[in-house]
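Those letters in the sequence shown? Residues 11 to 633, per my numbering, in order. These notes are about the structure you will find just below.
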Amino acid sequence: MTDVIQLAQKLVRFQSFGGQIEPVFDYLHAALSGHGFNVRLLDCTEAGPSPVLYAAAGEGKGGLLFAGHLDVASPGTEADWKNGAFAGEIKNGSLCARGICEMKGAVAAFVGACEQLLSAGELRGRVGILLSGDEENSVPRGLECGAILSKEGFNVCVVEKNAQFGGCFQTYQRKGHLLDTGIHYVGSLDEGQVMNQYFRYFGIMDKLKIKRLDDAAFDTIYYKGKTYDYAMGYPQFIETICRSFPHEKENLKCYAEQLQAVGNLISVDHLKQGTLALEGMKYFCTSAAHLIADITPDPALRNVLAGSALLYGGLKDVSTFYQHAMINHSYIEGAYRFVDGSMQVSLELINVIRANGGTVLNNSEATRIIVENEKVQGVIINGEERLESDFVISNMHPQRTLEILDKNRSIKNAYISRIRSLENTYGIFTLYLVMKKKSTPYQNRNLYLHANNKVWYDKLLYPGRTTNCMISMQASSEDSQYASVISILTPMYIDELSAWKDTTPEHRGEDYQSFKKEKAEQILRFIRGHGIDLSENIEEMYTTTPLSYRDYTGTVDGSAYGIIKDYKCPQIGFVSTRSRLGNLFLTGQNLNVHGALGVTLTAMLTCAEFVGQEYLAKKVGNA
Numbered sequence: 011m012t013d014v015i016q017l018a019q020k021l022v023r024f025q026s027f028g029g030q031i032e033p034v035f036d037y038l039h040a041a042l043s044g045h046g047f048n049v050r051l052l053d054c055t056e057a058g059p060s061p062v063l064y065a066a067a068g069e070g071k072g073g074l075l076f077a078g079h080l081d082v083a084s085p086g087t088e089a090d091w092k093n094g095a096f097a098g099e100i101k102n103g104s105l106c107a108r109g110i111c112e113m114k115g116a117v118a119a120f121v122g123a124c125e126q127l128l129s130a131g132e133l134r135g136r137v138g139i140l141l142s143g144d145e146e147n148s149v150p151r152g153l154e155c156g157a158i159l160s161k162e163g164f165n166v167c168v169v170e171k172n173a174q175f176g177g178c179f180q181t182y183q184r185k186g187h188l189l190d191t192g193i194h195y196v197g198s199l200d201e202g203q204v205m206n207q208y209f210r211y212f213g214i215m216d217k218l219k220i221k222r223l224d225d226a227a228f229d230t231i232y233y234k235g236k237t238y239d240y241a242m243g244y245p246q247f248i249e250t251i252c253r254s255f256p257h258e259k260e261n262l263k264c265y266a267e268q269l270q271a272v273g274n275l276i277s278v279d280h281l282k283q284g285t286l287a288l289e290g291m292k293y294f295c296t297s298a299a300h301l302i303a304d305i306t307p308d309p310a311l312r313n314v315l316a317g318s319a320l321l322y323g324g325l326k327d328v329s330t331f332y333q334h335a336m337i338n339h340s341y342i343e344g345a346y347r348f349v350d351g352s353m354q355v356s357l358e359l360i361n362v363i364r365a366n367g368g369t370v371l372n373n374s375e376a377t378r379i380i381v382e383n384e385k386v387q388g389v390i391i392n393g394e395e396r397l398e399s400d401f402v403i404s405n406m407h408p409q410r411t412l413e414i415l416d417k418n419r420s421i422k423n424a425y426i427s428r429i430r431s432l433e434n435t436y437g438i439f440t441l442y443l444v445m446k447k448k449s450t451p452y453q454n455r456n457l458y459l460h461a462n463n464k465v466w467y468d469k470l471l472y473p474g475r476t477t478n479c480m481i482s483m484q485a486s487s488e489d490s491q492y493a494s495v496i497s498i499l500t501p502m503y504i505d506e507l508s509a510w511k512d513t514t515p516e517h518r519g520e521d522y523q524s525f526k527k528e529k530a531e532q533i534l535r536f537i538r539g540h541g542i543d544l545s546e547n548i549e550e551m552y553t554t555t556p557l558s559y560r561d562y563t564g565t566v567d568g569s570a571y572g573i574i575k576d577y578k579c580p581q582i583g584f585v586s587t588r589s590r591l592g593n594l595f596l597t598g599q600n601l602n603v604h605g606a607l608g609v610t611l612t613a614m615l616t617c618a619e620f621v622g623q624e625y626l627a628k629k630v631g632n633a
């Protein structure tokens, strides 16, 4: 007869965190089979990380089913445990170990109870035991993941294919000028706001050079010959827009309440209580355009409120209110620019990793993820060097991850087909203007310019034409009065670049350069139509296209914002942080929400698989 205490001790000694679930499954499979149970492993989900153990005994219909899980949170730093996290020793009448309460102690109790019934011949009817190796099968970046896990005691190595780190948190130079690639401003960065708290947890907040955008107008929307300002802080935001729409105050209050309802799904208060994010599926199932239309009947106001849709790859027939609200809420809370480029974030995160004993490798492309015996063993770097690892976290687009993953039985064809079928957002054509010294006054806000009829980008109506753009002036420590670099961003799909789809950087030919020059001139004509003429002040022009995003960040189709989240079927676009291979994990903007805030949240969710969500959330919230 099984001794429940001894069984609990045996169970907690299995270090079943981070996908290491097979040994404890094997043990219970053998133990239960030896006590008269019919035991089998069930393959229950398409994309889940592990099977489910099901044991049944007895006869008849119905019966009693015990359900539980065998995975546990990471113990963190082993030295912090007086008696060892997995020792399973009894001290002063208590069994202390990682996972004893959640929930190996309970598993031992009901397994022991069932075995006693069988041994005594007292089982009447059927009894079943259902045990998963993954408590959260349906749970909704690289440097950030590396920084988190290195801080939590893991030995971390981050590999980057390019010479520079950071993805869109990357700044490059042209003739001594810094050009920001993707992060033009960040929200929720005031004291007590969630992005500020994330950076405090990393230990980098006080090291960043940042500049708060203008309270009265951090964004300005140009629409049908008029301008409309987005002010910081909800009372001021409402009052400012009311100047143009005096009869819409109550509707604007309603709109603000909806934004806050979504934004408050992630907050410092939730972090302190042990939750990274509250569930917000109903907002993923709600159309941004439809909800705005329900709030106000005024077509001009509808367009003004949707005026920054370019920030999230907004499409009128697709985009979710969750994306719209989370992005806009964060900027209304507290919008900032990085002074001298956003790459400082990447550099500080690298310092965190190295300070905690981790390694960071550039010019090191992961060309193969090694799978042996249905377990990831590491990666091949640059097609030759083998880098072994207990766990692998991929920040690449899930499709790219699957392309370099060794064939295995765990990742099903149905899952591969689903990932390949997912649509991606449009890309971005960026025109960088290097301005003559002291020629153009610096504006501490962003400008969104739209053609007269609509703010939502639609390539079918105006293929190849510039109908929307964002203008952002980079903040510099050298001169706060005048702009040195201005970025102008406009949507572009990669099919406009089909003639060069098989080319590589610096080898696209003269036709490509001519195409980019014409596109740049088109953009300058477009902004001149809105009364903004910078032509006489331009010293140099540089451009990037979706091909640049594709080749330098590994995104599919040169997408700027990753996999589309369609409000009509949002679950299809969600990709789990876990894979079916227990020690392969995913992160990045394709999984949840893009942008600095979105990818940081996703990095937290990924790393919570290793250390536990409650533990990590509270540690961040109290940093």
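Just so you know, even glycine gets a beta-carbon here, dropped at the ideal spot from N, CA and C. Please read these numbers as outputs of a predicted model, since none were measured by experiment.
- Taking a C-beta distance under 8 Å as the contact criterion, Ile438 and Pro501 qualify as a contact pair.
- Around the C-beta of His300, fewer than 16 other C-beta atoms lie within 10 Å, and the residue is accordingly described as exposed.
- Assigned with DSSP and collapsed to three states, Arg590 falls in coil, not helix or strand.
- Around the C-beta of Arg535, fewer than 16 other C-beta atoms lie within 10 Å, and the residue is accordingly described as exposed.
- About 7 Å separates the CB atoms of Val362 and Lys161; that is less than 8 Å, so the two are in contact.
- DSSP places Tyr233 in the strand class (E or B) of the three-state scheme.
- Remark: C-beta atoms of Ala613 and Glu289 do not approach each other more closely than 8 Å.
- Membership of Cys264 in the alpha helix (DSSP H) is indicated by the continuous run 259-273.
- With a cutoff of 8 Å on beta-carbon distance, Val465 and Asn313 are scored as near each other.
- Counting other Cβ atoms within 10 Å of its Cβ, Asp279 stays below 16 and is therefore classed as exposed.
- Bounds of the beta strand (DSSP E) holding Ala67 are 62-68.
- Excluding the 5 residues flanking it on each side, Tyr492 has same chain C-beta neighbours closer than 8 Å at Met445, Lys447, Lys448, Ser449, Thr450, Pro451, Tyr452, in chain order.
- Taking the CA atoms as reference points, Ala633 sits about 51 Å from Ser524.
- Annotated as distal: Glu384 and Asn423, with beta-carbon spacing of 8 Å or more.
- Nearest to Gln25 by C-alpha distance, out of Ala65, Asp36, Asp567, Asp81, is Asp81.
- About 6 Å separates the CB atoms of Leu611 and Ala287; that is less than 8 Å, so the two are in contact.
- According to the DSSP assignment, Ile496 belongs to the beta strand (DSSP E) that extends over 495-502.
- At the C-beta level, Tyr195 and Arg347 come within 8 Å of one another.
- With fewer than 16 other CB atoms across the displayed protein chains lying within 10 angstroms of its CB, Asp543 is exposed.
- Distances from the alpha-carbon of Tyr332 to those of Ala316, Met480, Met291, Asp308 put Met291 closest.
- Around the CB of Lys114, 16 or more other CB atoms lie within 10 Å, so the residue is classed as buried.
- In the structure shown, the three-state DSSP call for Pro309 is helix.
- Taken atom to atom, the span from the alpha-carbon of Ile139 to that of Leu17 is near 15 Å.
- Nearest in C-alpha terms to Phe255, of all of Phe209, Asp229, Ile276, Pro307, is Pro307.
- Bounds of the beta strand (DSSP E) holding Ser482 are 478-483.
- The beta-bridge partner set that DSSP reports for Gly437 consists of Met502.
- Two segments are said to touch when three or more pairs of C-beta atoms, one from each, lie closer than 8 Å; by this definition the stretch 559-578 touches the stretch 313-331.
- Residue state for Ile542 is assigned as coil, using DSSP reduced to three classes.
- The continuous stretches of beta strand (DSSP E) do not include Tyr571, and DSSP gives it neither H nor E.
- If you check the CB distance, Leu281 and Gly605 do not come in under 8 Å.
- Leu188 and Ile429 have their C-alpha atoms some 36 Å from each other.
- At a Cβ-Cβ threshold of 8 Å, Val272 and Ala119 do not count as neighbours.
- If you check the CB distance, Ile421 and Leu591 come in under 8 Å.
- Put simply, of Gly235, Val566, Thr477, His460 the residue whose alpha carbon is nearest the alpha carbon of Asn434 is Val566.
- When the Cα atoms are used, Leu42 and Val121 turn out to be separated by approximately 8 Å.
- Scanning its chain for C-beta atoms nearer than 7 Å, with the 5 sequence neighbours on each side dropped, one finds around Tyr562 the residues Asn172, in chain order.
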